[in-house]
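In this note's numbering, the protein residues as written are 63 to 863.
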């Protein structure tokens, strides 16, 4: 069925349902929560348009927003932010199969996309946490993700999270002109009026352990001082995974990890309109770096020797005579990525990170739900990794000298055992001996990256009649330091890149009448050039750019049970530093900033007092999207892959239904579909035989590198002391070019039992049916090289005091 016609038919059916009888709205995930320090009951969690009310909701006008509350986090026992939001329609993850974190490589970091777009902004209490000078995932946009480089699971600790807002599309002015996919806003916890504490301990599969402690409350005669503090440690041994081809479970050697965190928040409420917030966040971790999950089809002694000989020495004929060069990559050397088991399991390669963040916000006025404030902040994120391996002691020339006319099988086996790395799945003593004689395991890093942000934000909000006006400006100074130690003389080399950013906006939410709001806005984005400082001095690079982007959003309430929203925005995403060294391969001119337009449309309907339905559609039309495409080259008289500013059409569709069966059973069901289409611009010819599956650019190949359809069922049952939940995620339309199966079903289950009013025991099982699946693909490593973890069982207990 035609994509647009299919969406139109569904939207039409929903519109027709608006004639239904009036009932109260329902949402299974919002039975009540805390807003600031006030407990909000279920009937007050949404406004009249159906928007969920949070500490940050005054910025928005309509839009598709899902909220994960503290109650849900504690009942489901989410261990990280990825676990918490994976049930949200339209949210997908690109995960290498382990914690990830190698600096500079998109594929080896955890990534997130919303409705198929990686241009997602991560916020903490409404403040952006990305670094404008970062090269965390890449210095270029021509290949790889276009995300800001923030690893979601390294931002903060789950004990520190009060709510998580997932906002699809650029639906609010404050989020920036580059928030094309959407926004994930983490709202931190504030101490309440009562002094309470919590201890949470859990243990389970793979020697996985969780330790968490938090304490919060208030002080002073008027209880105007509030505090919250938490500390945690999460750790795991080597994880297990399910191989998509063999159906067997393997151990991912070298994937063990340990992460620690401390959070502190102090608030002073001077009066109803003025307050002070001081927030500190510390998180650090050492995560194993196994690079890829071994293919169990080739996980044996014979295949190992074939793979490593082809990769390190070369190709043999039937007489074991060296006749060809080395074979690299899975396509040429099947099972090639199994060699990475040396990096992780044998040599103990690893990544490290350490975050120190603070934020001080003084709110000097509150009016009609809006805040006027001044905020200063500082971020210091340090990254390091050590990847070590050794494949061979001898070379191809050594082999040819010893066996110029070939060798017997016995001679070949003997030569391999003496000169090439042994099979990591074989004799452990032999493997340890190899590591020892090749310099030992991975030691302390010899190079580091340090990303620093400092900035200030001023926001002023005022109600004037039917107009709620917000104006804001943020100045951010980003630095990216690179440090390395020479292996020759231990000298230290340092350099850093600076980029300054000014972001401002003004919006006016106009309350036309009791049923209709319209919010026009203007955004201004200014980026300075990239400035590099090293031993040679200071170099002024390229990158100075600015843009004004208009926005308009509106929402309309048909009656007490139904509403709709509509929005349009201009899109602007500046080039990365590496993009300025690349020319458009067609016009031979420098690449340009990405620009385009985005439209969003949504409809909400309460069908009864137990059932609600919501439909969201967005369409992005980019006129200048960066991609690597096969374009006709007159000088070569053929099509050749080249970086260009291309046309992109992206459409996505989400439908969600919530239903309460009775006082105990609740169900949320959703479906998401997304599609990208890239087109030639005037003046050049796109290869008519080209398909997404043939591209090495994740931005272009996105339709092949993610599931086309996502179905989700979130079922929960609660009765007095017992709570249990089952989350079902079914992904279909997966390309066999990138995945081991074209569909996969993943179930997560948990159970809580309240032993006493202060003590709860729980069980959490992820990947309940031990499904084999992947969420990302790398052409070099091959299909199935990023297998996700297998079934994991955690048993824990939480005590509140």
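Note that beta-carbon positions come from the ideal geometry of N, C-alpha and C, so glycine has one too.
Would you say the region 337–348 touches the region 374–382, given that touching needs at least three Cβ pairs under 8 Å? No: the two stretches stay apart, fewer than three of their Cβ pairs being nearer than 8 Å.
Outcome for residue 735 when other beta-carbon atoms lying within 10 angstroms are tallied against a minimum of 16: With 16 or more Cβ atoms within 10 Å of its Cβ, residue 735 is classed as buried.
Within the region 668–700, note down every full beta strand (DSSP E) run reaching 3 residues or more, in order along the chain. Along the region 668–700, the beta strand (DSSP E) occurs as fully enclosed runs of 3 or more residues at 673–695, listed in sequence order.
Check whether residue 645 and residue 652 have beta carbons under 8 Å apart: Yes; because the gap between Cβ atoms is below 8 Å, this pair is in contact.
DSSP state of residue 342 mapped onto helix, strand, coil: Secondary structure of residue 342 (DSSP, three-state): strand.
Same chain only: Cβ atoms within 7 Å of residue 150, ignoring 5 sequence neighbours per side: Contacts found: 128, 228.
Grab me the residues of residue 573's own chain with a C-beta within less than 6 Å of its C-beta, minus the 5 sequence neighbours each way, in chain order. Close CB contacts of residue 573 within its chain, under the 6 Å cut and outside five residues either way in sequence, are with 528, 579 (chain order).
Within 10 angstroms of the Cβ of residue 269, are there 16 or more other Cβ atoms? Answer buried if so, exposed if not. That one is exposed.
Can you say whether residue 31 is buried or exposed, counting buried as having 16 or more other CB atoms within 10 angstroms of its CB? The structure shown does not extend to residue 31, since the chain spans only 63 to 863, so no value can be given for it.
Proximity to residue 125 [Cα-Cα], best of 536, 237, 520, 454: Each of 536, 237, 520, 454 was checked against the Cα of residue 125, and the nearest Cα belongs to 237.
Going by the CB atoms, is the gap between residue 213 and residue 172 shorter than 8 Å? Against a cut-off of 8 Å, the Cβ pair of residue 213 and residue 172 comes out as a contact.
Please indicate yes or no: does the CB of residue 731 lie closer than 7 Å to some heavy atom of the ligand HEM? As far as ligands go, the structure on display features none, and thus does not contain the ligand HEM.
With a cut-off of 8 Å on the beta carbons, I'd call residue 417 and residue 216 a contact; round off their distance for me. The beta-carbon distance between residue 417 and residue 216, rounded to whole angstroms, is 7 Å. This is short enough to meet the 8 Å contact definition.
Is there at least one Cβ from chain B nearer than 8 Å to residue 262's Cβ? In the structure shown, chain B cannot be found, because there is only a single protein chain.
Write down the C-beta distance between residue 857 and residue 265 rounded to the nearest angstrom, noting that I regard them as a contact closer than 8 Å. Between residue 857 and residue 265 a beta carbon distance of about 6 Å is seen, short of the 8 Å cut, so the two are scored as contacting.
Need the endpoints of the beta strand (DSSP E) that residue 479 sits in, please. Premise fails: residue 479 lies in the alpha helix (DSSP H), 471–481, not in any beta strand (DSSP E).
Is it buried or exposed for residue 429, if we count other Cβ within 10 angstroms and need 16 for buried? With fewer than 16 Cβ atoms within 10 Å of its Cβ, residue 429 is classed as exposed.
Residue 328 (DSSP reduced to helix, strand or coil): In the three-state reduction of the DSSP assignment, residue 328 falls in the strand class, which pools E and B.
Reference residue 844, options 274, 259, 400, 160, closest by Cα: Considering only 274, 259, 400, 160, the residue with the shortest C-alpha distance to residue 844 is 400.
What residues match up with residue 429 in a beta bridge as DSSP calls it? Answer is 432.
Of the choices 331, 280, 785, whose alpha-carbon is the least far from that of residue 817? Cα-wise, what sits closest to residue 817 is 785.
Where the alpha helix (DSSP H) through residue 637 begins and ends: Segment: none, residue 637 is in no alpha helix (DSSP H) and carries neither H nor E.
What does the alpha-carbon distance come out to for the pair residue 624 and residue 220? Approximately 34 Å, taken between the alpha carbons.
The alpha helix (DSSP H) with residue 263 in it runs from where to where? Boundaries around residue 263 are those of the beta strand (DSSP E), 258–266, since no alpha helix (DSSP H) includes it.
Whole runs of the beta strand (DSSP E) within the region 164–244, excluding any shorter than 3 residues: Considered as a whole, the region 164–244 harbours 173–176, 182–186, 223–230 as its complete beta strand (DSSP E) runs of no fewer than 3 residues, in chain order.
Measuring alpha carbon to alpha carbon, tell me which of 783, 781, 283, 775 ends up nearest residue 793. Comparing Cα-Cα distances from residue 793 to each of 783, 781, 283, 775, the minimum goes to 775.
Taking 8 Å as the cut-off, decide whether the C-beta atoms of residue 655 and residue 607 are in contact. Going by beta carbons, residue 655 and residue 607 fall inside the 8 Å limit.
Are the Cβ atoms of residue 571 and residue 581 separated by less than 8 Å? Contact: yes.
What does the alpha-carbon distance come out to for the pair residue 475 and residue 492? CA-to-CA, the gap between residue 475 and residue 492 works out to about 15 Å.
Tell me, which residues are paired with residue 776 by DSSP? Paired residue(s): 730, 789.
Euclidean distance between Cα positions of residue 565 and residue 349: Residue 565 and residue 349: Cα-Cα distance of roughly 35 Å.
Using a Cβ-Cβ cut-off of 6 Å (strictly less than) and excluding sequence neighbours within five positions of residue 535, which residues of its own chain qualify? If we look at residue 535 and ignore the five residues flanking it on each side, its Cβ neighbours are 520, 566.
Give the secondary structure of residue 528 by DSSP, where H, G and I count as helix, E and B as strand, and everything else as coil. Here residue 528 sits in coil by DSSP.
Using a Cβ-Cβ cut-off of 7 Å (strictly less than) and excluding sequence neighbours within five positions of residue 561, which residues of its own chain qualify? In its chain, beyond the 5 residues on either side, 194, 195, 540, 589, 590, 592, 605 have a beta carbon closer than 7 Å to the beta carbon of residue 561.
Quick check on residue 456: does DSSP put it in helix, strand or coil? Coil, per DSSP.
For residue 584 and residue 612, which I take to be in contact (beta-carbon distance under 8 Å), what is that distance rounded to the nearest angstrom? Taking a contact as a CB-CB distance under 8 Å, the pair residue 584 and residue 612 counts as one, their CB atoms being some 6 Å apart.
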